[in-house]
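Numbering (the working numbering), first residue to last: 1344 to 1627.
Here is the structure we will look at.
Pasting the structure below:
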């Protein structure tokens, strides 16, 4: 059996210490929030400016920046939920922070390679997947029974969206093949693993914390039970041999996931600024 704890018994001195850590973390991340309103342009001659010229249909700077925007905005949402409600429901926090892990890690994954050819390959893989998902969404709107219920104007709009997404996906696939690459999907688990290795190269604890954060947050975001097995308190159930899993205010685990998202987002911001500003050391 499983239940949620709703009382205030969780507010222990250890909990208060973690709350102070998260408050400090969110004080830093809140300073990033204004950045989403004014995306910086890569400086002429910078590595990212060159990457943008390599494939302009969905430029590398746009791919990288949108990942950062997702990371910053989801951290902002987690901050507001915590500060305004002063509640600690593990699953919603994990679901909010998971896109921050994903967005920041993908930005790092696209920008990390020292060689432009590899950066562009990753940019194209991400772009191909984005256009593919856009095509799937438009195509579903044109399938029965929805198609028969839509007004003519909506059908025409969906057809236009499908045509544009198909053309973009086809062109991106052709560019990948022209450059000698095979089509592949973005494997987010591998992306997280590479980003963690970069961010925590000298710290095996942080490295594993980032990877574990991704798995736990993904489980919660998909409504799975197994994350609860790693954080819930176990007490004897009412029936003989039964165990009650009492899930609730596990601020330590939320703190680990938020800290991992912070590390990845900070590293991604730093890498984005580096690729935007400095042409030195770029091997084109």
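No residue lacks a Cβ here, since even glycine has one placed at the ideal position from N, Cα and C.
How long is the line joining the alpha carbons of residue i and residue j, rounded to whole angstroms?
i: residue 1457; j: residue 1595; result: 36 Å
i: residue 1523; j: residue 1517; result: 10 Å
i: residue 1568; j: residue 1559; result: 10 Å
i: residue 1440; j: residue 1412; result: 13 Å
i: residue 1682; j: residue 1387; result: The question about residue 1682 has no answer here: the residues shown for the chain are numbered 1344 through 1627.
i: residue 1447; j: residue 1410; result: 6 Å
i: residue 1472; j: residue 1512; result: 8 Å
i: residue 1459; j: residue 1405; result: 16 Å
i: residue 1604; j: residue 1620; result: 24 Å
i: residue 1437; j: residue 1378; result: 24 Å
i: residue 1625; j: residue 1370; result: For residue 1625, the predicted structure reports a pLDDT of 48, less than 50, and the residue's modelled location is therefore unreliable. A value from the coordinates is still provided. Each residue's Cα considered, the two are about 34 Å apart.
i: residue 1515; j: residue 1572; result: 43 Å
i: residue 1562; j: residue 1355; result: 27 Å
i: residue 1549; j: residue 1493; result: 51 Å
i: residue 1566; j: residue 1359; result: 28 Å
i: residue 1433; j: residue 1509; result: 39 Å
i: residue 1419; j: residue 1427; result: 12 Å
i: residue 1478; j: residue 1536; result: 29 Å
i: residue 1553; j: residue 1600; result: 7 Å
Would DSSP call residue i helix, strand or coil?
i: residue 1587; result: Any reading at residue 1587 must be qualified, since the residue scores a pLDDT of 47, below 50, and its modelled position is unreliable; no value is offered.
i: residue 1391; result: helix
i: residue 1495; result: helix
i: residue 1458; result: strand
i: residue 1482; result: helix
i: residue 1432; result: coil
i: residue 1557; result: helix
i: residue 1373; result: coil
i: residue 1550; result: helix
i: residue 1346; result: Per-residue confidence for residue 1346 stands at a pLDDT of 44, beneath the threshold of 50, marking its modelled position as unreliable; no derived number is given.
On the premise that residue j lies in contact with residue i, defined as a C-beta separation below 8 Å, what is that separation, rounded to the nearest angstrom?
i: residue 1449; j: residue 1469; result: 7 Å
i: residue 1597; j: residue 1445; result: The pair is not a contact, with the Cβ atoms about 17 Å apart (cut-off 8 Å).
i: residue 1415; j: residue 1375; result: 5 Å
i: residue 1403; j: residue 1608; result: Not confirmed; about 18 Å, so no contact.
i: residue 1455; j: residue 1519; result: Rounded, the Cβ-Cβ distance is 19 Å, inconsistent with contact.
Closest to residue i by C-alpha separation, out of the options, would be which residue?
i: residue 1361; options: 1606, 1425 and 1512; result: 1425
i: residue 1611; options: 1556, 1422, 1564 and 1539; result: 1539
i: residue 1531; options: 1400, 1521 and 1557; result: 1557
i: residue 1529; options: 1495, 1474 and 1357; result: 1474
Item to complete: Flag this pair as touching only if the stretch 1381 to 1394 and the stretch 1455 to 1475 have three or more C-beta atom pairs under 8 Å; answer yes or no.
Response: yes
Worksheet entry | the stretch 1541 to 1554 touching the stretch 1495 to 1514, judged by at least three CB pairs closer than 8 Å | no
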